[in-house]
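For the sequence shown, full-length UniProt numbering gives the first residue as 1, with consecutive numbering after it.
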Amino acid sequence: MKYLISFFCLILLTACGQLPKDTSRWNSLALREVINEYHQYQKTLSPFSQPGVADNNARLPDLSPQVLLKNYQGKKKIYQKLLKINRESLTQSDQINWSVLAYKIKNQLDSYVNKEHYMPLTAESGFHVGISWIRSRVQFKVEQDYQDYLKRMAALPTYFDQQMAWMDLGIKEGITQPAVVLIGFEESIKAYIKQDVTESEFYQPFKKMPDHFTASLKADLRAQAQQIIREKVNTSYQKFYDYMVNVYQPNGRQNIAANSLPNGDNYYKNRVEHYTTLTMSADEIHQKGLEEVARIRAEMEQIIRNVGYQGDFASFVEFLRTDPQFYATTPEELLKEASFIAKKMDAKLPQLFKKLPRTPYGVMPVPASIAPKYTTGRYAGPSREDQPGNYWVNTYRLDRRPLYVLEALTLHEAVPGHHLQGSLAKEMKNVPEFRNSTYISAFGEGWGLYSEFLGIEAGFYQDPYSDFGRLTYEMWRACRLVVDTGMHSKNWSRDRAMSFLADNTALSLHNVKTEIDRYISWPGQALSYKIGELTIKRLRKKAEDTLGVAFDLREFHDEVLKNGSMPLSMLEQVINQYITEKELPKDGK
């Protein structure tokens, strides 16, 4: 309210000619008003945006056409107000606020215009997976928490029907996932249908309930939950399973390219700009990828020579893919090895950073329901303050999860990668709340890949096979620049893309297939890793070359991370200003 009063006072002063409209103070207050309006609007959109508010925890998102249109129109008005603000007159902190909010809203608007709600799934996951995690957003402390959760579960049939209605429109307009990436997708739906409803993921909150609940209350809530899961949850998933098998999969499009979609060239260009946050063309990215592939391949060939291997690159990779010495024999062995690597890196963090987050993290397997088509590992951040982050390790098909890539994977997904970066962002103080939760792929994934590189300086990859694993992961991200642009803008076939990835990395063939299908179903996202990493490395070199002996690696890392996710162009401004200020003598002369 105080910002609102100040804002209208400034309007009156400007009308009287007493204040030029482009002053820093005017634009700063105008930005705060837009941010406040955005926050308030977000709270009206989704029950997940404001947990704990009366009647909010009992609802699921409304995906009806009129609501989605209203949301689009409302955000468009906010975006137009944001664009009228003179960004250049703002302080650096407000420029970051402006750039992150503009990026965030623009993508929400683009998503609606691109009709991404017609296709609410990728090769590895979908809305049916995301909605299963509603329990993680609630602290089950009082009876009302459970009653609200029961109402949410009871609302699943409507939610699923709305999603399938949009998918029907997608079929009619040719906006579907390609049929080839949907093979086996139905198994990820079937995994949620439990005949013993007490084994359902949705039932988990009822297994251990607060001690202060009476026995009769616990029994009543459990009985309600079992009935709702049986009659609402299971039936929703079964209906979606039948729809997927009988309707959606048979109508999947045959062309894998994003540019085969309606308005496909513009759609892919939009996704490229969104996921890189830059204005690079698909051709430029493709060429950069080929250059990186050649550079990394030379380093990999050198390791093959260093270990004394007599065969060629292909036979060495086949040796890595098939020799039992490189694979865990039990899920526990893989998880323990990942945990050990993570703990070793924990001890190295003070050498690389001045500021560390307070949020802890754990190591756990990828949920069995999605593991078969899921990537090798991923970081899952906490939904609430009383939760840790989790580094997910895929223990499905152990003979496809090589140990020689585990150091690179762990440093990327846990520390100093996603957990460190994401936790510092969540713990930022005195920033608008949208900044704490915004994740920009080029920044976050670029940092994750850069974190793999930091392992060299932290003393990892001492084993040459592990170092080859690091390079194969870097090569994997370089190949992404080639195959993503190749498939979506250069008419590459799926087989050609798989061959390119298989021929240049030591990824298991299972991972190669899983990854290529992911890129097909998620155009542009795969570009963010290497583009982000190259940007961070370039900015670091600039700081090192400019500052010389005054360069402090810990300080540089803190500068990169202290403001959370941001577009790469904004990060460049931040680091350039840091370099300039660091260059100035302390007396300012």
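A virtual CB, placed ideally from N, CA and C, is assigned to each residue, including glycine.
Tell whether a beta-carbon distance below 8 Å holds between residue i and residue j.
i, j, result
"residue 405", "residue 346", "no"
"residue 171", "residue 251", "yes"
"residue 36", "residue 89", "no"
"residue 163", "residue 202", "no"
"residue 667", "residue 481", "Given that the chain is displayed from residue 1 to residue 589, the structure contains no residue 667 and the question cannot be resolved."
"residue 335", "residue 363", "yes"
"residue 259", "residue 110", "no"
"residue 303", "residue 402", "no"
"residue 507", "residue 276", "no"
"residue 478", "residue 292", "yes"
"residue 413", "residue 378", "yes"
"residue 176", "residue 119", "yes"
"residue 157", "residue 235", "yes"
"residue 210", "residue 141", "yes"
"residue 101", "residue 434", "yes"
"residue 486", "residue 286", "yes"
"residue 174", "residue 121", "no"
"residue 188", "residue 369", "yes"
What did DSSP end up calling residue i once you bin it into helix, strand or coil?
i, result
"residue 258", "helix"
"residue 363", "strand"
"residue 393", "strand"
"residue 380", "strand"
"residue 121", "strand"
"residue 253", "strand"
"residue 402", "strand"
"residue 74", "helix"
"residue 439", "coil"
"residue 149", "helix"
"residue 548", "helix"
"residue 130", "helix"
"residue 212", "coil"
"residue 5", "The predicted position of residue 5 is uncertain, since its pLDDT is 42 and thus under 50; no value can be drawn from it."
"residue 205", "helix"
"residue 141", "coil"
"residue 387", "coil"
"residue 263", "coil"
"residue 196", "coil"
"residue 56", "coil"
Within 8 Å of any Cβ in chain C, is that where the Cβ of residue i sits?
i, result
"residue 380", "The structure shown contains no chain C; it is built from a single protein chain."
Let's test the definition: count the other Cβ atoms within 10 Å of the Cβ of residue i and tell me whether it reaches 16, buried, or not, exposed.
i, result
"residue 524", "buried"
"residue 445", "buried"
"residue 223", "exposed"
"residue 104", "buried"
"residue 294", "exposed"
"residue 307", "exposed"
"residue 584", "exposed"
"residue 67", "exposed"
"residue 340", "exposed"
"residue 577", "exposed"
"residue 456", "exposed"
"residue 232", "buried"
"residue 574", "buried"
"residue 407", "buried"
"residue 530", "buried"
"residue 91", "exposed"
"residue 421", "buried"
"residue 470", "buried"
"residue 212", "exposed"
"residue 225", "buried"
"residue 430", "exposed"
"residue 354", "exposed"
"residue 384", "exposed"
"residue 350", "exposed"
"residue 459", "exposed"
"residue 148", "buried"
Assuming residue i and residue j form a contact by the criterion Cβ under 8 Å, report the distance between their Cβ atoms to the nearest whole angstrom.
i, j, result
"residue 331", "residue 440", "Rounded, the Cβ-Cβ distance is 33 Å, inconsistent with contact."
"residue 85", "residue 570", "So it is not a contact: roughly 15 Å between Cβ atoms."
"residue 75", "residue 108", "6 Å"
"residue 376", "residue 394", "5 Å"
"residue 572", "residue 539", "6 Å"
"residue 428", "residue 564", "6 Å"
"residue 309", "residue 316", "5 Å"
"residue 230", "residue 197", "5 Å"
Between residue i and the ligand COA, is there a pair consisting of the residue's CB and a ligand heavy atom that are separated by less than 7 Å?
i, result
"residue 416", "Judged by which ligands are present, the structure shown has none, so any question about the ligand COA falls away."
At 4 residues or longer, what runs of the alpha helix (DSSP H) sit wholly inside the region 485-527? If you keep only unbroken alpha helix (DSSP H) runs of at least 4 residues inside the region 485-527, you get 494-504, 509-521.
Can you give, in chain order, each stretch of the alpha helix (DSSP H) that sits fully within the region 155-187 and has at least 4 residues? Entirely contained in the region 155-187, the alpha helix (DSSP H) runs reaching 4 residues are, in chain order, 156-173.
Please give me, in chain order, every unbroken run of the alpha helix (DSSP H) with length at least 4 that falls completely inside the region 414-465. DSSP runs (the alpha helix (DSSP H)) wholly in the region 414-465: 418-426, 433-437, 441-457.
In the region 301-378, which residue ranges form an unbroken beta strand (DSSP E) of at least 3 residues, counting only runs that do not cross its ends? Entirely contained in the region 301-378, the beta strand (DSSP E) runs reaching 3 residues are, in chain order, 361-365.
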